[in-house]
Amino acid sequence: MADETQAKAPESSAPAQERPSSGPERSSGPERSSGPGGGPGSGPRGPRPGGPGGRGKFFRRKKVCKFCTEKIDAIPYRDVRLLQGFVAERGKIVPRRLTGVCTTHQRRLTRAIKQARNIALLPFATRH
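Numbering (the numbering used here), first residue to last: 2 to 129.
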């Protein structure tokens, strides 16, 4: 009997050591792999071109106010060609962040566009 208990002990520990893993071990924390490239500026497809640490593929130039550079103080509401450049094709006024116009000139531009609309020089909206 003593021999049987000694023989059984190694057998019971042997299957525990040879247990095959059923897959990758998972951690309980919210740890994610950031894919190839790693680091804080990378996503699932690798590092982003405009992320931290890199300038990116394209350099966006700072927009300058057209009216400030050409020293145009008063924006005439009768100048339809000038105003059409700041109105989208649907008739909306294009915002400052897209045109690069400074705040004071954007206000004057908006007032001129609205005056031109009221006297039918510019359309309020396009037909669909």
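The beta-carbon is built from N, C-alpha and C at its ideal position, and this holds for glycine as well.
Inter-residue Cα distance where the pair is residue i and residue j
i: Ala113; j: Pro77; result: 7 Å
i: Leu110; j: Leu122; result: 14 Å
i: Lys115; j: Lys72; result: 22 Å
i: Pro124; j: Gly92; result: 7 Å
i: Lys67; j: Arg79; result: 18 Å
i: Cys69; j: Cys103; result: 8 Å
i: Ile120; j: Lys64; result: 31 Å
i: Leu83; j: Arg62; result: 23 Å
i: Lys58; j: Ala75; result: 39 Å
i: Ala126; j: Phe60; result: 35 Å
For residue j and residue i, believed in contact at Cβ under 8 Å, the rounded distance
i: Ala117; j: Val95; result: Going by Cβ atoms, the distance from Ala117 to Val95 rounds to 15 Å, so no, they are not a contact pair.
i: Phe87; j: Thr100; result: 6 Å
The alpha helix (DSSP H) enclosing residue i, as first and last residue numbers
i: Phe68; result: 67-70
i: Ile114; result: 104-119
i: Leu99; result: 97-100
i: Val81; result: 81-85
Cβ-Cβ distance between residue i and residue j below 7 Å
i: Gln85; j: Arg97; result: no
Residue of the options minimising C-alpha distance to residue i
i: Arg128; options: Gly101, Cys103, Glu90, Thr105; result: Glu90
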